[in-house]
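Following: one structure in structure tokens, then a few remarks.
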Amino acid sequence: MLVARLARWTRYSAAGVAVVFTGETGAKGKVREASAAGIFYPAESGMLRRQIDDLLAKAVKTERMPGLHAIVCPHAGYVYSGVVAAASYLQCEGRGYSTVIILAPSHTAYLQTASVTDADVFRTPLGDAVVSKRARLLARLPPFELEPRCDVRRPPWWEDVHRAAIEPGDDRADTWEHADEVQVPFIQRAMPGAEIIPVIMGDVDPVAAAKALAQVIDDKTLIVVSTDLSHYRSYADARRLDHSCVEAICRLDPSGIAPDSACGRIPVLTLIELAKQRGWHAQLLDYRNSGDTAGGKGRVVGYAAIAFGEGSGERAGVARHSAQERRELLAIARRALGEAASTGKSIEVDPATIPPALREKKGCFVTLTEGGRLRGCIGHIIAQEPLCQAVADNARSAAIRDPRFGAVTASEVKDIEIEVSVLTTPVALEFSGPDELLAKLNAGRDGVVLQIGRRTATYLPQVWEQLRDKVAFLNSLAEKAGCGAHEWRGAGVKVFTYQVESFSEAEGEHAE
Numbered sequence: 001m002l003v004a005r006l007a008r009w010t011r012y013s014a015a016g017v018a019v020v021f022t023g024e025t026g027a028k029g030k031v032r033e034a035s036a037a038g039i040f041y042p043a044e045s046g047m048l049r050r051q052i053d054d055l056l057a058k059a060v061k062t063e064r065m066p067g068l069h070a071i072v073c074p075h076a077g078y079v080y081s082g083v084v085a086a087a088s089y090l091q092c093e094g095r096g097y098s099t100v101i102i103l104a105p106s107h108t109a110y111l112q113t114a115s116v117t118d119a120d121v122f123r124t125p126l127g128d129a130v131v132s133k134r135a136r137l138l139a140r141l142p143p144f145e146l147e148p149r150c151d152v153r154r155p156p157w158w159e160d161v162h163r164a165a166i167e168p169g170d171d172r173a174d175t176w177e178h179a180d181e182v183q184v185p186f187i188q189r190a191m192p193g194a195e196i197i198p199v200i201m202g203d204v205d206p207v208a209a210a211k212a213l214a215q216v217i218d219d220k221t222l223i224v225v226s227t228d229l230s231h232y233r234s235y236a237d238a239r240r241l242d243h244s245c246v247e248a249i250c251r252l253d254p255s256g257i258a259p260d261s262a263c264g265r266i267p268v269l270t271l272i273e274l275a276k277q278r279g280w281h282a283q284l285l286d287y288r289n290s291g292d293t294a295g296g297k298g299r300v301v302g303y304a305a306i307a308f309g310e311g312s313g314e315r316a317g318v319a320r321h322s323a324q325e326r327r328e329l330l331a332i333a334r335r336a337l338g339e340a341a342s343t344g345k346s347i348e349v350d351p352a353t354i355p356p357a358l359r360e361k362k363g364c365f366v367t368l369t370e371g372g373r374l375r376g377c378i379g380h381i382i383a384q385e386p387l388c389q390a391v392a393d394n395a396r397s398a399a400i401r402d403p404r405f406g407a408v409t410a411s412e413v414k415d416i417e418i419e420v421s422v423l424t425t426p427v428a429l430e431f432s433g434p435d436e437l438l439a440k441l442n443a444g445r446d447g448v449v450l451q452i453g454r455r456t457a458t459y460l461p462q463v464w465e466q467l468r469d470k471v472a473f474l475n476s477l478a479e480k481a482g483c484g485a486h487e488w489r490g491a492g493v494k495v496f497t498y499q500v501e502s503f504s505e506a507e508g509e510h511a512e
């Protein structure tokens with residue numbers, strides 16, 4: 001598979017091999033030369049510039065997050081993951097960042113520290129990116145170090161790279177690493193003039209790393225976490241595993257990120273710790289895998305774009321859609337319900353016919369009732385597709401896949417009422433024990449995610465109408481998770497809260 005991938009990547013270089021620019025130490029100081037140009041991205045400057053601009057134009061456009069401090073981006077070849085990375089970099093344009101810290105995993109070096117580059121400039125086909133002088137300040141703070149010696153295993157394509165000869169003993173963690181390098185051309189296009197601090201992270205304590213980073217960042221600093229998600233799973237398995245990982249990241253829940261769920265797990269965990277310290281929130285911008293972009297669906301790699309900041313319009317209060325937008329979502333759900341009941345098939349929503357607000361990726365649930373009684377309810381806390389398509393898919397699932405009920409029949413459809421709930425991103429609720437948890441829960445307003453060990457369940461805020469007592473609410477939610485009614489009182493329990501914008505067909509013209 002690697003050989004086939006390299007065969008495709010080499011088309012970026014005029015000679016059919018990777019191109020690395022000659023190293024030099026001169027007026028600019030020490031130059032870190034590109035090692036992935038012509039392999040992961042084009043080696044010719046004009047081609048690279050055009051490709052990045054094209055990816056930015058094609059990327060998912062989402063509402064800009066206020067107070068953006070960090071992004072998560074994939075690091076595969078641009079033909080595979082570039083459009084997902086572009087969704088994160090669109091969020092960064094025009095914000096005036098002066099420094100970008102890149103936290104990347106190592107694919108070639110064994111490290112028990114975090115290696116900070118000792119280069120003065122980082123060279124790509126687009127020119128030289130200046131390395132911030134704060135790199136050396138960061139390198140004084142454990143677990144960060146200034147390019148320590150380490151064991152390096154060169155990548156299979158290293159002999160195809162045209163660069164000044166490097167003796168094997170002189171390799172450093174960053175010499176052949178692509179995970180940080182592929183971010184730099186995007187930074188040069190989206191944030192021209194910003195200085196960078198590339199860091200290759202080994203097996204370090206994320207809490208200690210976050211504490212160190214907190215001492216060098218300011219409001220003009222952006223953190224870029226470079227990671228792919230699951231590797232070489234089937235398309236369906238990848239979506240399931242990646243969905244779980246993305247939800248954990250957006251909940252700031254490190255326990256939900258398995259060792260094999262993200263190659264950049266340590267950088268991700270470091271960002272989560274920093275976000276918890278600073279009160280940042282996370283929002284999914286885009287998710288795809290290589291089966292959605294340039295590869296087959298047999299063995300895929302997952303990619304996510306996630307923004308971390310001081311919140312979005314949702315955080316200040318639940319975002320509201322217009323009456324027309326609500327009607328469109330309800331009409332989509334109604335059409336999906338009818339198709340599911342008649343044929344069992346799903347419907348595809350054409351984004352070109354949908355208002356921009358309904359193309360954003362949001363968590364949502366679709367609830368079906370018949371004669372005032374629940375008939376089905378399915379949804380996702382964090383969506384990985386546009387809201388319009390998520391509503392269609394959840395309406396179908398609520399009709400035929402809710403295990404509590406039989407499938408809705410075609411004869412029932414006319415009697416089914418539909419409610420759509422659009423969710424904000426869940427936020428971890430900090431509490432020291434059951435009494436504080438009860439005090440902090442906002443009955444009637446909060447949707448609640450309860451996690452007891454590996455078991456998780458959620459109730460929408462509407463459930464408070466039937467379970468007004470907080471203890472009864474949590475008892476029932478624990479049982480829904482497959483646990484004992486009182487297990488929410490135990491140690492290690494995690495709770496996340498969110499809010500919803502709910503609307504139904506019964507509201508009619510009063511939906512505004």
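Note that UniProt numbering gives residue 317 to position 317 of the sequence shown, counting from 1, and the numbers run on in steps of one.
Yeah, the Cβ is synthetic: ideal placement off N, Cα and C, and Gly gets one too.
According to DSSP, residues forming a beta bridge with residue i
i	result
Gln451	Thr456 and Lys494
Gly376	Leu368
Gln283	Ala307
Leu438	Answer by DSSP bridge pairing: none, since Leu438 is not bridged.
Met47	Its beta-bridge partners do not exist; DSSP assigns none.
Ser432	DSSP output for Ser432 lists no bridge partner at all.
Met201	Pro105 and Ala114
Gly302	Asn289
His178	In DSSP, His178 forms no bridge with anything.
Tyr232	Beta-bridge pairing links Tyr232 to no other residue.
Inter-residue Cα distance where the pair is residue i and residue j
i	j	result
Asp180	Ile200	8 Å
Val83	Ser342	36 Å
Lys276	Ala70	13 Å
Gly193	Ala37	21 Å
Gly379	Gly363	7 Å
Pro426	Ala307	14 Å
Ile382	Arg239	13 Å
Val448	Pro461	7 Å
Ser322	Ala86	29 Å
Pro267	Leu55	25 Å
Glu145	Gln283	31 Å
Leu368	Ala336	12 Å
Ala506	Asn394	19 Å
Glu487	Val116	45 Å
Pro295	Tyr80	Correcting the residue identity first, residue 295 is Gly in this sequence and not Pro. Answer to the nearest angstrom: the Cα atoms are 7 Å apart.
Ala476	Glu465	As written in the sequence, residue 476 is Ser, which differs from the Ala given in the question. About 13 Å.
Proximal residues to residue i (C-beta, below 7 Å), its chain only, five neighbours per side dropped
i	result
Val349	Ile332, Cys388, Gln389 and Ala392
Arg134	Thr99, Ile197 and Val216
Ile400	Ala340, Gly344, Ala407 and Val408
Ala208	Pro142 and Pro143
Leu252	Ile272, Ala275, Lys276, Ala282 and Ala428
Local conformation of residue i per DSSP, three classes
i	result
Asn289	strand
Phe503	strand
Asp402	coil
Thr117	coil
Pro156	coil
Glu479	helix
Ala86	helix
Phe122	strand
Gly313	Note that Gly313 scores a pLDDT of 38, beneath 50, so its modelled location is shaky; the value from the coordinates is reported in the next line. Three-state result, Gly313: helix.
Tyr97	coil
Ser81	helix
Leu68	strand
Residues near residue i by beta carbon distance below 8 Å, same chain, minus five either side
i	result
Lys28	Asp120, Val121 and Asp128
Gln51	Tyr41, Pro42, Tyr78 and Gly82
Pro259	Arg265
Pro254	Pro206, Ala248, Leu269, Ile272 and Glu273
Arg320	Glu501
Best match in the options for proximity to residue i [C-alpha to C-alpha]
i	options	result
Phe496	Thr456, His486, Ser504 and Ala472	Thr456
Phe365	Gly344, Leu330 and Ala340	Leu330
Val184	Gln451, Arg64, Ala34 and Asp228	Ala34
Ala262	Leu285, Leu56 and Val225	Val225
Arg445	Arg468, Ala428 and Gly376	Arg468
Glu325	Gln283, Leu138 and Ala357	Ala357
Tyr97	Glu177, Ala209, Thr221 and Ala85	Thr221
Ser504	Ser132, Glu370, Cys150 and Asp174	Glu370
Arg149	Thr175, Pro142 and Leu141	Thr175
Ala458	Ala472, Ala439 and Ala478	The question names Ala, yet the displayed sequence has Thr at residue 458. Nearest of Ala472, Ala439 and Ala478 to Thr458, Cα basis: Ala478.
Spatial neighbours of residue i in its chain, beta-carbon cut-off 6 Å, leaving aside the 5 residues before and after
i	result
Val493	Ile452
Gly67	Gly309 and Glu310
Asp171	Val152
Leu441	Lys470
Gly256	Ala248
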